[in-house]
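Participant: At the far end of the sequence shown sits residue 330, using my numbering, and the numbering has no gaps. Beta carbons are placed, not taken as given, at the ideal position from N, Cα and C, and that holds for glycine. Mind having a look at this structure? Questions to follow.
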Amino acid sequence: MRVIGLTGGIASGKSTAARHLETRGALMIDADQLGHRAYEPDTEAFRKVVQAFGDDIVGDDGQINRRALGGKVFGNQGELDRLTGIVWPEIRKMALAEIDAARVEGKVKAVVLEAAVLLEAGWQDIVDEVWVVYAEREQAIARAMARDGLDEAAVSARIDSQMTNEQRIEQSDVAFENATTAEALCARLDERWATLTSESVGAA
């Protein structure tokens with residue numbers, strides 16, 4: 127079984143790639159969903175985050191108020207690093223548990239860990255290869271504006287806060303440029319998927 131780390135910036139097509147690979151039989155692990163689970167009450171991360179940032183980030187429903195927490199870390203790199211230092215290790219732990227369970231079960235040829243912060247968090251060591259989906263800046267801005275209803279300045283600010291395409295590509299094993307259509311991207315993914323699964327069968 128191979129483990130693919132799938133990453134990419136805002137509006138790069140990463141989620142499109144993830145959904146397509148799932149249709150091909152990959153087991154998908156969504157790091158964003160794991161991140162939401164990490165904030166659930168009665169978890170270790172919940173307790174650490176509240177201890178670090180104060181009881182006032184907990185809403186009346188007992189859940190962490192993401193807006194209140196965001197107000198404490200937005201624009202403050204030190205506080206953001208403090209938060210990710212708590213949450214990222216918990217996400218990694220949960221992802222590893224799911225990967226191990228899939229390996230024991232032995233029913234899939236590949237697991238895909240979809241994570242926007244895969245490289246920033248240093249999770250390359252828990253995957254066999256890193257796949258990056260990327261789009262040129264102008265395309266990503268246009269797509270994000272159309273998809274999320276954001277203005278150009280807001281999208282540009284989010285892109286500027288992330289790794290550049292060049293940085294991601296440099297740290298990847300396979301890079302997929304999403305320059306035209308979703309169909310074209312999926313066709314390239316299929317080519318690599320066919321190679322990957324044939325290699326997996328050969329190894330078995």
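1) Runs of 3 residues minimum, wholly inside the stretch 130-162: which ones carry the beta strand (DSSP E) assignment?
2) Can you say whether ASN202 is buried or exposed, counting buried as having 16 or more other CB atoms within 10 angstroms of its CB?
3) Shortest alpha-carbon distance to ILE225 belongs to which of GLY131, THR323, ALA261 and ARG150?
4) At what residue ranges does the stretch 206-264 contain a whole run of the alpha helix (DSSP H), taking only runs of 4 or more?
5) Check whether the stretch 284-292 and the stretch 157-177 touch, using three or more Cβ-Cβ pairs below 8 Å as the test.
6) Count Cβ pairs between the stretch 249-266 and the stretch 179-186 that sit closer than 8 Å; are there 3 or more?
7) Is VAL281 buried or exposed, if buried means 16 or more other CB atoms sit within 10 Å of its CB?
8) Is ALA320 helix, strand or coil by DSSP?
9) Quick check on this structure: which residue in VAL258, GLU278 and THR210 has the alpha carbon closest to the alpha carbon of GLU303?
10) Assuming ASP254 contacts ARG128 under a Cβ cut-off of 8 Å, what Cβ separation, rounded to an integer in Å, is found between them?
11) Can you tell me whether ALA329 is buried or exposed, with buried defined as 16 or more other CB within 10 angstroms of its CB?
12) If you drop the 5 nearest sequence neighbours on each side, which residues of the same chain put their C-beta closer than 6 Å to that of ASN291?
13) Please identify the residue among GLY197, GLY139, ALA310 and LEU244 whose C-alpha is closest to the C-alpha of GLN297.
14) With C-beta atoms as the reference, is LEU153 less than 7 Å away from ALA223?
15) State the DSSP-derived secondary structure class of PHE172, mapped to helix, strand or coil.
16) Under a Cβ-count criterion, where at least 16 other Cβ atoms within 10 Å of its own Cβ denotes burial, should HIS146 be classed as buried or exposed?
17) How would you label VAL238, buried or exposed, when you count the other beta carbons within 10 angstroms and need 16 or more for buried?
18) Taking 8 Å as the limit between beta carbons, can you name the residues of its chain near VAL234, skipping five residues before and five after?
19) May I ask you to list the residues that DSSP assigns as paired with VAL300?
20) Which residues bound the alpha helix (DSSP H) around LEU276?
Facilitator: So, from the listed chains and residues:
1) 153-156
2) By one-based count along the sequence shown, residue 202 stands at place 76. Exposed is the call here.
3) Sequence index remark: in the sequence shown, residue 225 carries index 99 (1-based). Selection GLY131, THR323, ALA261 and ARG150 evaluated against ILE225 yields GLY131 as nearest (Cα-Cα).
4) 244-247
5) Taking 8 Å as the limit for Cβ pairs, the verdict is that the stretch 157-177 does not touch the stretch 284-292.
6) no
7) Numbered from 1 along the sequence shown, position 155 holds the residue referred to as residue 281. The residue is buried, with at least 16 neighbouring Cβ atoms inside 10 Å.
8) The residue you call residue 320 lines up with position 194 of the sequence shown. Residue state, collapsed to three classes: helix.
9) Within the sequence shown, numbered from 1, the residue matching residue 303 stands at position 177. Nearest C-alpha to GLU303: VAL258.
10) Taking the first residue of the sequence shown as 1, we reach residue 254 at position 128. Taking the first residue of the sequence shown as 1, we reach residue 128 at position 2. Rounded, the Cβ-Cβ distance is 5 Å, consistent with contact.
11) Working through the sequence shown from its first residue, we reach residue 329 at position 203. Residue placement at ALA329 cannot be trusted, given a pLDDT of 48 that sits under 50; what the coordinates show is reported in the next sentence. When all chains shown are included, ALA329 counts as exposed.
12) For the purposes of this step, residue 291 is identified with residue 165 of the sequence shown, where counting begins at 1. Once the five neighbours on either side are set aside, the close Cβ partners of ASN291 are TYR260.
13) Indexing the sequence shown from 1 puts residue 297 at position 171. Scanning GLY197, GLY139, ALA310 and LEU244 for the CA closest to the CA of GLN297 turns up LEU244.
14) Within the sequence shown, numbered from 1, the residue matching residue 153 stands at position 27. Within the sequence shown, numbered from 1, the residue matching residue 223 stands at position 97. No.
15) Mapped onto the sequence shown, residue 172 falls at position 46. PHE172 falls in the helix class under three-state DSSP.
16) Sequence index remark: in the sequence shown, residue 146 carries index 20 (1-based). Result: buried.
17) Within the sequence shown, residue 238 is the residue found at index 112, counting from 1. Answer is buried; the Cβ neighbour count reaches 16.
18) Residue mapping note: residue 234 aligns to position 108 of the sequence shown, counting from 1. Closer than 8 Å at the Cβ level, and outside the excluded window around VAL234, lie MET127, GLY151, ALA152, LEU153 and ALA228.
19) As a working note, residue 300 is residue 174 in the sequence shown. TRP257.
20) In the sequence shown, the residue the question calls residue 276 occupies position 150. That residue, LEU276, is in no alpha helix (DSSP H); it is neither H nor E in DSSP.
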